[in-house]
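Numbering (the UniProt record's numbering), first residue to last: 3 to 286. Everything on this sheet refers to the single structure shown next.
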Amino acid sequence: RIVYVNGEYLPEEEATVSVFDRGFLFADGVYEVTSVLGGKLIDFDGHFQRLKRSLAELDMPAPAAMDDLLEIHRELVARNEIEDGLVYLQVTRGAPADRDFAYPGEDVAPTLVLFTQSKPGLADSPAARAGIKVISIDDIRWGRRDIKTVQLLYPSMGKMMAKKAGADDAWMVEDGFVTEGTSNNAYIVKGKKIITRNLGNEILHGITRAAVLRFAREAQMEVEERPFTIEEAKGADEAFFTSASAFVMPVVSIDGVMLGDGTPGQLTKRLREIYLDESRKTAS
Ligand code: PMP
């Protein structure tokens, strides 16, 4: 596999980052994941805009190659012959000469790393056909979840807790209300209404979320952006989550409580089709 690191395309075995990199020592970095379908990037502009916002919120210098990011994405997709898969991008606050909590000066350039992951048949996963099971866990993350940082230890722990409980993923709950999934935004459907938490510092502003809500409204579906409790979710007709890599993913049980007949809901399935159709149309 060919990866990109600080201006160079290299075989992954030859790509290196300093042990003093602040991403490694302080989780001082942000990232983006963009899907590739049919060799094309899904919603690159959305991911680019959110990356700029994450960098600005953390006073992190933009990598020099900011204007070239689209081209680097395309180059990696081409060089690695990615038909379906992902492009992962990470920017960290670089590698100062020594470990220090204070941010380094302007002489330290940010570290920019990108790599691809090939996932044949990404849009047609068995999980999407069967639906997935989630458990609920306490949301004990920090207060700026709207910034897409690489601090992913608690989400990793959440996935392990889910696995241990015989489930696939976890939804996080704060003060009784669902915030989001470990790596996705959470939704329930009641009757014909789609309900998802409103934006704020408590959740990541999903790029897939923004697109799905736009397509839903365009298709005359009813959307309500408000917090919902885990109890309300367990009594919902349908549930699903969204993320760049899972698109619209049906959820069929929460903490062992089956939703509907335990298979993906009709509205969820329709929304998944709409999302895939529409986002393919504007893929770049
Ligand atoms: N919330 C969290 C915590 C996430 O990690 C992700 C995926 N990175 C999402 C939501 C979904 O965001 P997107 O649709 O932009 O992938």
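Where is the CB? At the ideal position from N, CA and C, for every residue including glycine. The structure presented is a predicted model; accordingly, all values stated were derived computationally and were not measured.
Beta-carbon gap between residue i and residue j smaller than 7 Å
i, j, result
"I134", "V175", "no"
"S37", "L114", "no"
"A17", "V5", "yes"
"T94", "D45", "no"
"S127", "P157", "no"
"D257", "I142", "no"
"I139", "A172", "yes"
"I149", "S56", "yes"
"N187", "T244", "yes"
"K195", "E224", "yes"
"L78", "L116", "yes"
"E85", "G41", "yes"
"A125", "L39", "yes"
"V250", "L215", "no"
"P229", "F179", "yes"
"E226", "I197", "yes"
"V191", "L269", "yes"
"S286", "L91", "no"
"T210", "A246", "yes"
"L155", "R101", "no"
"R3", "E14", "yes"
Residue i classed as buried or exposed, judged by whether at least 16 other C-beta atoms fall within 10 angstroms
i, result
"E182", "buried"
"G123", "exposed"
"L242", "The residue asked about is misnamed: residue 242 is Phe in this sequence, not Leu. Looking at its Cβ environment, which holds 16 or more other Cβ atoms inside 10 Å, F242 is buried."
"Q51", "exposed"
"E108", "exposed"
"G160", "buried"
"T151", "buried"
"T284", "exposed"
"A169", "buried"
"P112", "buried"
"G193", "exposed"
"P252", "buried"
"P65", "buried"
"G264", "exposed"
"A213", "buried"
"V21", "exposed"
Alpha helix (DSSP H) segment containing residue i, residue limits
i, result
"T210", "209-220"
"F46", "46-59"
"G160", "155-166"
"R91", "Here the sequence assigns Leu to residue 91, which means Arg is not the residue at that position. L91 -> not in any alpha helix (DSSP H); beta strand (DSSP E) instead, spanning 87-94."
"F28", "24-28"
"S247", "Looking at the DSSP string, S247 is not in any alpha helix (DSSP H), and its letter there is neither H nor E."
"K271", "268-283"
"V79", "71-81"
"A132", "128-132"
"Q194", "This sequence places Lys at residue 194; Gln is not what is there. Careful: K194 lies outside any alpha helix (DSSP H) and carries neither H nor E."
"I232", "232-236"
Any C-beta of chain D under 7 Å from that of residue i
i, result
"I137", "Within the model displayed, chain D is absent; a lone protein chain is all it includes."
beta-carbon residue i near the ligand PMP non-hydrogen atom, thresh 6 Å
i, result
"N200", "no"
"A246", "yes"
"G31", "no"
"I209", "yes"
"E182", "yes"
"N186", "yes"
"L60", "no"
"L206", "yes"
Residue i, enclosing beta strand (DSSP E) - first and last residue
i, result
"T184", "Per DSSP, T184 belongs to no beta strand (DSSP E) and is neither H nor E."
"P13", "10-13"
"V115", "113-120"
"E227", "224-227"
"V7", "4-7"
"G262", "Unbroken run through G262: none, as it is neither H nor E."
"V152", "Careful: V152 lies outside any beta strand (DSSP E) and carries neither H nor E."
"D171", "171-176"
"L39", "31-39"
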